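Chemist: Take this structure first; my questions come after.
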Amino acid sequence: MDRNWMKESVRDLTMYYNPQVGNALRMDTNTNVLGSNPAAFEYLKNLRLDLNGYPNTYSNGLRDALAELYGITRDNLVAGNGSDEMLVTTYTTFCEPGKTVCTAPVPSYSLYGYFAQLASGIYREVELDEDFQLDVDAMVGKGDANKGILIMPTPNNPTGNCFRQKDIEEILARHDGIVILDEAYSEYARQTMIGKVDEFDNLIVCKTFSKAYAMANLRIGYMASNLKVADMLNSVKVPYSLNSVSEGAAIAAVKDQDFIKRSVDMVSEQRPKLMAKLDSLGFECYPSDANFVLAKAPIDHAKLVEGLKKRGVLIRDFGAKRRIENCVRPTVGTEELNKVMTDAIEDVLAEEKR
Numbered sequence: 007m008d009r010n011w012m013k014e015s016v017r018d019l020t021m022y023y024n025p026q027v028g029n030a031l032r033m034d035t036n037t038n039v040l041g042s043n044p045a046a047f048e049y050l051k052n053l054r055l056d057l058n059g060y061p062n063t064y065s066n067g068l069r070d071a072l073a074e075l076y077g078i079t080r081d082n083l084v085a086g087n088g089s090d091e092m093l094v095t096t097y098t099t100f101c102e103p104g105k106t107v108c109t110a111p112v113p114s115y116s117l118y119g120y121f122a123q124l125a126s127g128i129y130r131e132v133e134l135d136e137d138f139q140l141d142v143d144a145m146v147g148k149g150d151a152n153k154g155i156l157i158m159p160t161p162n163n164p165t166g167n168c169f170r171q172k173d174i175e176e177i178l179a180r181h182d183g184i185v186i187l188d189e190a191y192s193e194y195a196r197q198t199m200i201g202k203v204d205e206f207d208n209l210i211v212c213k214t215f216s217k218a219y220a221m222a223n224l225r226i227g228y229m230a231s232n233l234k235v236a237d238m239l240n241s242v243k244v245p246y247s248l249n250s251v252s253e254g255a256a257i258a259a260v261k262d263q264d265f266i267k268r269s270v271d272m273v274s275e276q277r278p279k280l281m282a283k284l285d286s287l288g289f290e291c292y293p294s295d296a297n298f299v300l301a302k303a304p305i306d307h308a309k310l311v312e313g314l315k316k317r318g319v320l321i322r323d324f325g326a327k328r329r330i331e332n333c334v335r336p337t338v339g340t341e342e343l344n345k346v347m348t349d350a351i352e353d354v355l356a357e358e359k360r
């Protein structure tokens, strides 16, 4: 049996980033360095669960909590097993196999093309400009591209910057198809477009509990849109996909916004300090609104990443990608974690000079 058994559109897919971790310090996944969400952890510690019962079909409790947080309604929301399921649901709902054009900026999140291939869509990439901002005319496109699915993350991963609000709103106004705004890191930028979902008939905002909320292990994601689009998405989304354990923990976390504020404030304080240290070591850091920094390395990116790995520190290597050649992406840590990481970087750089 060979790969010809697979659906043609997915035959060239390979496994996602899956490093051997051991006891390494993980500064490669952009999770919250303050550790597990305390409200969720407390909820799980005292949990008594009927394992024989199904979770709520569409996670009504979590959708109610999120509706209160954002000042929208439950019916504006879709919840499920991580933001990846949310994106798959969107593509499944709106992508006609072999016909729908799915557009994403470059450089950006590598799995956008993966989701398009799963849905047998036609994947189209648009280069960001020199400041890593959107080329509005190219993103909107013409013909079938203008009627397809357009997706963009803000803050952008891996570049770290937010896209201009006026560019996003112009794209929403000009594009005749669905526009997905992936806000995985938006808490760190202190902005969201969820409050505008009823203003645009084509806007879907996708968010996650894996980053600022510090709950990546529970796989919780959600989307917000206008009532008509949200109904379409909930009609397609797999029922029961979010288990009761994760939903209950997420509800507890939503009600503890103090932890989110503390996490965001820590990043706002430590990010410029980390960037200044990296600059002093010969890196070229790009502007960031997220809890990570994209930086061009002063030595070969692969040697740097491998050298850090040997010293028990993992950062993400993007040096082989176009437009971000020789770049790496470390997570912003606490002052102590950043020092561990930068001390290791200094050691690698010194070894390269010998």
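Each residue of the sequence shown is one higher than the one before, starting from 7 at the first, in our numbering. The beta carbon of each residue, even a glycine, is placed where N, CA and C say it ideally should be. This structure is a prediction, so every number in the text was calculated from the model and none was measured.
From the DSSP output, in three-state form, read off G313 for me.
Modeler: The residue you call residue 313 lines up with position 307 of the sequence shown. It is helical.
Chemist: What residue range does the alpha helix (DSSP H) around L284 cover?
Modeler: Against the sequence shown, residue 284 aligns to sequence position 278. Looking at the DSSP string, the run of the alpha helix (DSSP H) that includes L284 is Q263 to S286.
Chemist: Determine the direct distance from the alpha carbon of L287 to that of P103, and round the result to whole angstroms.
Modeler: Against the sequence shown, residue 103 aligns to sequence position 97. Against the sequence shown, residue 287 aligns to sequence position 281. Answer to the nearest angstrom: the Cα atoms are 48 Å apart.
Chemist: Hey, out of Y129, I78 and C291, whose CA is closest to A230's CA?
Modeler: Along the sequence shown, one-based indexing puts residue 230 at 224. For A230, the nearest C-alpha among the options comes from I78.
Chemist: Between V334, L233, N240 and Y194, which has its C-alpha nearest Q276's C-alpha?
Modeler: Stepping through the sequence shown from its first residue, residue 276 is reached at position 270. Checked all of V334, L233, N240 and Y194; the closest Cα to Q276 is Y194.
Chemist: Anyone know if the C-beta pair for S294 and G183 falls short of 8 Å?
Modeler: If you number the sequence shown from 1, residue 294 lands on position 288. If you number the sequence shown from 1, residue 183 lands on position 177. Not a contact, by the Cβ cut-off of 8 Å.
Chemist: Taking the runs of the alpha helix (DSSP H) that are 4 residues or longer, which of them lie wholly in the segment 300 to 355?
Modeler: 307 to 316
Chemist: Sort out for me which residues DSSP pairs P159 with in a bridge.
Modeler: Mapped onto the sequence shown, residue 159 falls at position 153. The partner list for P159 (beta bridge, DSSP) reads D188.
Chemist: Considering just the uninterrupted stretch of the alpha helix (DSSP H) at L75, what are its terminal residues?
Modeler: Your numbering for residue 75 matches position 69 in the sequence shown. Unbroken alpha helix (DSSP H) run through L75: N66 to Y76.
Chemist: Which residues in the same chain as T214 place their Cβ atom closer than 6 Å to its Cβ, once the five residues preceding and following it in sequence are excluded?
Modeler: Position 208 of the sequence shown, counted from the start, is the residue given in the question as residue 214. Taken in chain order, the residues that qualify are S89, A190 and G227.
Chemist: Compare the C-alpha of V260 against each of D70, Q26 and Q139 and name the closest.
Modeler: One-based indexing of the sequence shown puts residue 260 at position 254. Comparing Cα positions, the closest option is D70.
Chemist: Thinking just about the alpha-carbon of each residue, which of Y60, S269 and E253 is nearest to the one in N87?
Modeler: Locating residue 87 in the sequence shown gives position 81, counting from the first residue. Looking from the CA of N87, the closest CA among Y60, S269 and E253 belongs to E253.
Chemist: Measure the beta-carbon distance from K212 to I155 and round it to whole angstroms, keeping in mind my assumption that it falls under 8 Å.
Modeler: Along the sequence shown, read from residue 1 onward, the residue named residue 212 stands at position 206. Along the sequence shown, read from residue 1 onward, the residue named residue 155 stands at position 149. Checking the sequence shown, residue 212 turns out to be Cys, not Lys. No, C212 and I155 are not in contact; Cβ-Cβ is about 12 Å, not under 8 Å.
Chemist: Since M229 sits in a beta bridge, which residues does DSSP pair it with?
Modeler: The residue you call residue 229 lines up with position 223 of the sequence shown. M229 is bridged to V84 and C212.
Chemist: Taking buried to mean at least 16 other C-beta atoms within 10 Å of its own C-beta, is R360 buried or exposed?
Modeler: Sequence index remark: in the sequence shown, residue 360 carries index 354 (1-based). So R360 counts as exposed.
Chemist: Is the number of C-beta pairs between the segment 42 to 52 and the segment 327 to 340 that are closer than 8 Å three or more?
Modeler: no
Chemist: Between the segment 132 to 149 and the segment 173 to 188, do three or more beta carbon pairs fall short of 8 Å?
Modeler: Yes, the segment 132 to 149 touches the segment 173 to 188.
Chemist: Nearest-angstrom Cα distance between K217 and N10?
Modeler: For the purposes of this step, residue 217 is identified with residue 211 of the sequence shown, where counting begins at 1. For the purposes of this step, residue 10 is identified with residue 4 of the sequence shown, where counting begins at 1. Cα-Cα distance, rounded: 37 Å.
Chemist: When you compare only the Cα positions, how much space is there between R196 and R335?
Modeler: Counting from one through the sequence shown, the residue named residue 196 turns up at place 190. Counting from one through the sequence shown, the residue named residue 335 turns up at place 329. R196 and R335: Cα-Cα distance of roughly 21 Å.
Chemist: Run through the DSSP bridge pairs and tell me what I174 is partnered with.
Modeler: As a working mapping, residue 174 is identified with position 168 in the sequence shown. For I174, which the question treats as bridged, DSSP gives no partner whatsoever.
Chemist: Tell me the rounded alpha-carbon separation between D81 and H307.
Modeler: Here residue 81 refers to the residue found at position 75 of the sequence shown. Here residue 307 refers to the residue found at position 301 of the sequence shown. Each residue's Cα considered, the two are about 46 Å apart.
Chemist: For the segment 261 to 268 against the segment 18 to 33, do three or more pairs of beta-carbon atoms, one drawn from each stretch, fall closer than 8 Å, so that the two count as touching?
Modeler: no
Chemist: Please go through the segment 93 to 176 and give each complete alpha helix (DSSP H) segment of 4 or more residues, from N-terminal end onward.
Modeler: 117 to 124 and 142 to 146
Chemist: With DSSP collapsed to three states, give me the class of R32.
Modeler: What you label residue 32 is simply residue 26 of the sequence shown in a count that begins at 1. Three-state result, R32: strand.
Chemist: Helix, strand or coil, according to DSSP, for E48 in the structure here?
Modeler: To locate residue 48, count along the sequence shown from 1; it is residue 42. Residue state, collapsed to three classes: helix.
Chemist: Do L209 and T96 have their C-beta atoms closer together than 8 Å?
Modeler: Numbered from its first residue, the sequence shown carries residue 209 at position 203. Numbered from its first residue, the sequence shown carries residue 96 at position 90. No.
Chemist: Find the nearest neighbour of S116 within the set G339, F289, K283 and Y23, judged by alpha-carbon distance.
Modeler: Locating residue 116 in the sequence shown gives position 110, where the first residue counts as 1. Among G339, F289, K283 and Y23, the Cα nearest to that of S116 belongs to Y23.
Chemist: Could you check if Y60 is buried or exposed, using at least 16 other CB atoms within 10 Å of its CB as the buried criterion?
Modeler: Position 54 of the sequence shown, counting from 1, holds the residue named residue 60. Exposed.
Chemist: Out of A356, L320, G325 and D353, which one is the CA nearest neighbour of G4?
Modeler: Residue numbering for the chain in the displayed model covers 7 to 360; residue 4 lies beyond these limits and cannot be assessed.
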